[in-house]
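Each residue of the sequence shown is one higher than the one before, starting from 0 at the first, in numbering that gives the first Met the number 0.
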Amino acid sequence: MAKKVFSFTALGIWGCAFGYFICYWPYSALTKALSKGLFPGMKEGIPSFELLPISAIGAVLGMIFFLTVEGWWQYAGRRKVFGIEILCPNRWTFMSGICSALIIATTTLAYTFSGVSIVFIMLLMRGGVLIIAPIVDAMSKRIPKWYSLVGLALSFISLLVAFSNKGGYTITGACALNVGIYLFGYFIRLRFMSKIAKSDVENANTKYFVEEQLVASPTMLITLIIIAFIDYGKGMHDVQLGFTEFLFSPYVFHGLILGLLSSGTGFFGGLILLDKRENTYCVPVNRCSSVLAGVLASYSLMYFFHDRIPETSEMIGAGLIVLAIVFLTVPTLLGKKKK
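Given below as structure tokens:
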């Protein structure tokens with residue numbers, strides 16, 4: 000086998016955290032700019048459901064790109080169907096991939112409910128996953144280290160501080176269901192990862208990740224195609240417009256980049272969660288990267304599109320995240336000292 004020249008994951012969990020940050024920063028800024036109509040010449044924002052198809056197409060292309068660059072196709076399970084060998088995940092990675100697709104869909108849907116504070120939903124979703132992490136560790140009989148618990152606490156407090164002066168803490172039944180599905184998807188996904196993938200077995204994590212990726216973004220794209228054919232109600236019609244009119248709009252390239260960046264966040268974010276350490280460590284690393292990227296995205300929108308100025312509470316929250324990162328780097332620093 001030829002030696003791989005480059006690997007996105009050569010730097011370990013913190014290399015993945017940096018990759019997640021680099022993808023999430025423009026991803027969140029671009030999503031907000033397109034949905035709010037901030038680009039010059041835009042008369043109105045593009046509905047989120049209309050953005051989904053091109054984003055899903057970009058995500059599938061991104062998945063193919065990342066797996067090819069890493070040379071990881073070889074780790075996928077295979078099965079012969081009518082004499083033809085095809086890539087085939089096992090039942091656990093298939094279900095995990097479905098959960099990953101649910102997470103992608105519910106994350107987008109969370110921003111579409113009227114009368115519900117977006118930041119409140121962000122608090123429920125991000126904070127909920129932080130709470131789930133030690134629960135899954137307990138079920139998996141993994142004992143969190145002290146620095147993981149400190150990082151977890153600081154990450155959660157940062158969310159509370161960042162959203163402390165926001166209003167609109169109301170929630171509809173449909174929105175609550177959406178958040179519940181999102182958290183359920185993460186719970187099942189983390190549970191499967193802890194039970195099957197986060198181990199010392201050679202290439203177990205890589206095999207799990209590849210098979211999950213083979214399911215997640217293609218499932219999302221296929222589901223959107225079915226929804227577009229059904230075309231019932233405004234949301235479904237917006238999806239259909241995403242496959243038709245939007246593909247000929249001036250912003251189709253922006254949407255494709257959005258999908259590629261989304262794939263990048265899924266790629267690096269998934270690898271962070273698959274690190275062999277406990278979820279109480281990995282989940283805060285994942286959340287820290289997204290919060291810092293979100294703050295930087297806010298400043299980017301302010302600078303390039305004259306959007307709102309980030310609030311003081313958001314900066315205090317970001318400061319706590321930096322402190323959390325300091326504690327989470329303890330094992331890396333200790334490892335260097337031992338050498």
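For every residue, glycine included, the Cβ atom is placed at its ideal position computed from N, Cα and C.
Asked                                                                                             : Found
Straight-line Cα distance separating Leu60 from Gly70                                             : 15 Å
Contact between the stretch 217 to 226 and the stretch 27 to 39 (3+ Cβ pairs under 8 Å)           : no
Closest Cα partner of Ser339 within the set Lys275, Pro46, Ile21                                  : Coverage of the chain is limited to positions 0 through 338, which leaves residue 339 absent and any answer about it impossible.
Proximity below 9 Å, CB of Gly127 to CB of Ala323                                                 : no
Coarse secondary structure for Ile63, derived from DSSP in three states                           : helix
Supposed contact pair Gly241 and Ile53 - C-beta distance, whole angstroms, cut 8 Å                : 6 Å
Lys197 in three-state terms, based on DSSP                                                        : coil
Under 9 Å between C-beta atoms of Gly263 and Tyr19                                                : yes
Glu84: first and last residue of the uninterrupted alpha helix (DSSP H) it sits in                : That residue, Glu84, is in no alpha helix (DSSP H); its beta strand (DSSP E) goes 83 to 86.
For Ser147 and Ser193, believed in contact at Cβ under 8 Å, the rounded distance                  : The pair is not a contact, with the Cβ atoms about 14 Å apart (cut-off 8 Å).
Range covered by the beta strand (DSSP E) that runs through Lys79                                 : 77 to 80
Contacting residues, own chain, Cβ-Cβ under 6 Å from Ala203 (five flanking each side not counted) : Ala196
Inter-residue CB distance, Gly96 and Glu211 (contact presumed, cutoff 8 Å)                        : 5 Å
Rounded C-alpha distance that separates Gly246 from Phe93                                         : Strictly speaking, residue 246 in this sequence is Leu, with Gly absent from that position. If you take the alpha carbons of Leu246 and Phe93, they lie about 30 Å apart.
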